[in-house]
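Trainee:
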Amino acid sequence: MKTLGILGSLRKDSLNRKLLNAVVKLAPEGMEVEIYDRLGKFPIFNDDLTHNPPEVVKEFKQKVRGVDALLFVSPEYNYSIPGGLKNAIDWGSRPPRDNCFDGKPAAIMGVAGRLGGTMRMQYHLRQVMVTLNMYPINKELFVREGALKFDAAGTLRDEPTRKAVEEELAALKVWTEKLSKQ
Ligand SMILES: Cc1cc2nc3c(=O)[nH]c(=O)nc-3n(C[C@H](O)[C@H](O)[C@H](O)COP(=O)(O)O)c2cc1C
1 MKTLGILGSL RKDSLNRKLL NAVVKLAPEG MEVEIYDRLG KFPIFNDDLT HNPPEVVKEF
61 KQKVRGVDAL LFVSPEYNYS IPGGLKNAID WGSRPPRDNC FDGKPAAIMG VAGRLGGTMR
121 MQYHLRQVMV TLNMYPINKE LFVREGALKF DAAGTLRDEP TRKAVEEELA ALKVWTEKLS
181 KQ
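Per UniProt numbering, the sequence shown runs over residues 1 to 182.
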């Protein structure tokens, strides 16, 4: 099962990148997670260009279509979805009959420096998933106080968080298998 792990942060030392690196290692047998960390390459969305999008958008849509499931791993910015991630989602959703997210099983996780653990970002992203007809799992993972969860080398050391990551990935796998049988 191929899963695209879409990273919502552009920061080199991103906590969410560290979380996504942990995801790659903790994925259950039979699930392979590829990291997508190119959101910084996207120009600002312009609906005049949707019928002739930039190369990076074409590649992104192809990648999304080529996987069985999506995993969004993102920080929360100002109580919502980071602009770079929302921008890429807008590109991927257009033109109207070419929404690359249509029918995709998906999961969301995120790590924040603070106590909210990206909760508000995740609920905004779920709202976006409705209009794009993604199928998110009803399992949530909010990683709070992120700086405390990783060691100096960036490895996820917090045992409850590691377990929660494994459980979320296992749930995404089961959900994706279920949907593929429809
Ligand atoms: C523009 C901006 C807005 C932020 N807004 C929030 C917020 O609303 N809630 C929150 O928990 N953290 C917020 N933060 C702090 C992030 O949780 C923190 O910077 C986190 O490390 C970002 O993820 P990253 O390490 O993957 O880049 C914000 C950070 C930035 C740069």
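All residues carry an ideal CB built from backbone N, CA and C; glycine is no exception. Because the structure is a prediction, the values reported are computed rather than measured.
Short check: CB of Asn-21 to CB of Gly-154, under 8 angstroms?
Mentor: For the purposes of this step, residue 21 is taken as the residue at position 21 of the sequence shown. For the purposes of this step, residue 154 is taken as the residue at position 154 of the sequence shown. Yes, the pair counts as a contact, with Cβ atoms nearer than the cut-off.
Trainee: Would you say the beta carbon of Glu-140 is closer than 7 angstroms to some non-hydrogen atom of ligand 1?
Mentor: Walking along the sequence shown from the start, residue 140 turns up at place 140. No, the beta carbon of Glu-140 sits no closer than 7 angstroms to any heavy atom of ligand 1.
Trainee: What's the gap between the Cα of Arg-144 and the Cα of Val-73?
Mentor: On the sequence shown, residue 144 is found 144 positions in, with the first residue counted as 1. On the sequence shown, residue 73 is found 73 positions in, with the first residue counted as 1. Going from the Cα of Arg-144 to the Cα of Val-73 covers about 14 angstroms.
Trainee: Under 5 angstroms from any heavy atom of ligand 1, by CB: list those residues in chain order, please.
Mentor: Going by the Cβ distance cut-off, the answer is Ser-9, Arg-11, Ser-14, Leu-15, Asn-16, Pro-75, Glu-76, Tyr-77, Asn-78, Tyr-79, Ala-112, Gly-113, Arg-114 and Gly-116.
Trainee: Per the contact definition of three or more C-beta pairs closer than 8 angstroms, is the segment 19-39 in contact with the segment 2-10?
Mentor: They touch, by the three-pair rule.
Trainee: Starting from Tyr-79, trace the beta strand (DSSP E) both ways and give me its first and last residue.
Mentor: Residue mapping note: residue 79 aligns to position 79 of the sequence shown, counting from 1. Looking at the DSSP string, Tyr-79 is not in any beta strand (DSSP E), and its letter there is neither H nor E.
Trainee: Taking one C-beta from the segment 91-99 and one from the segment 107-127 each time, how about it: are there three or more such pairs within less than 8 angstroms?
Mentor: No: fewer than three Cβ pairs fall under 8 angstroms.
Trainee: Count the other CB atoms within 10 Å of the CB of Thr-161; is the residue buried (16 or more) or exposed (fewer)?
Mentor: Position 161 of the sequence shown, counting from 1, holds the residue named residue 161. Classification of Thr-161: buried, given that the 10 Å Cβ count is 16 or more.
Trainee: I'd like the span of the alpha helix (DSSP H) that includes Met-119, first residue to last.
Mentor: Against the sequence shown, residue 119 aligns to sequence position 119. Run containing Met-119: 119-132, per the alpha helix (DSSP H) assignment.
Trainee: Which residues bound the beta strand (DSSP E) around Leu-70?
Mentor: For the purposes of this step, residue 70 is identified with residue 70 of the sequence shown, where counting begins at 1. That run of the beta strand (DSSP E) goes 69-73.
Trainee: Quick one: residues in its chain with C-beta nearer than 6 angstroms to the C-beta of Leu-15, no 5 flanking neighbours on either side, listed in chain order?
Mentor: The residue given as residue 15 occupies position 15 in the sequence shown. Val-111 and Gly-146, listed in sequence order.
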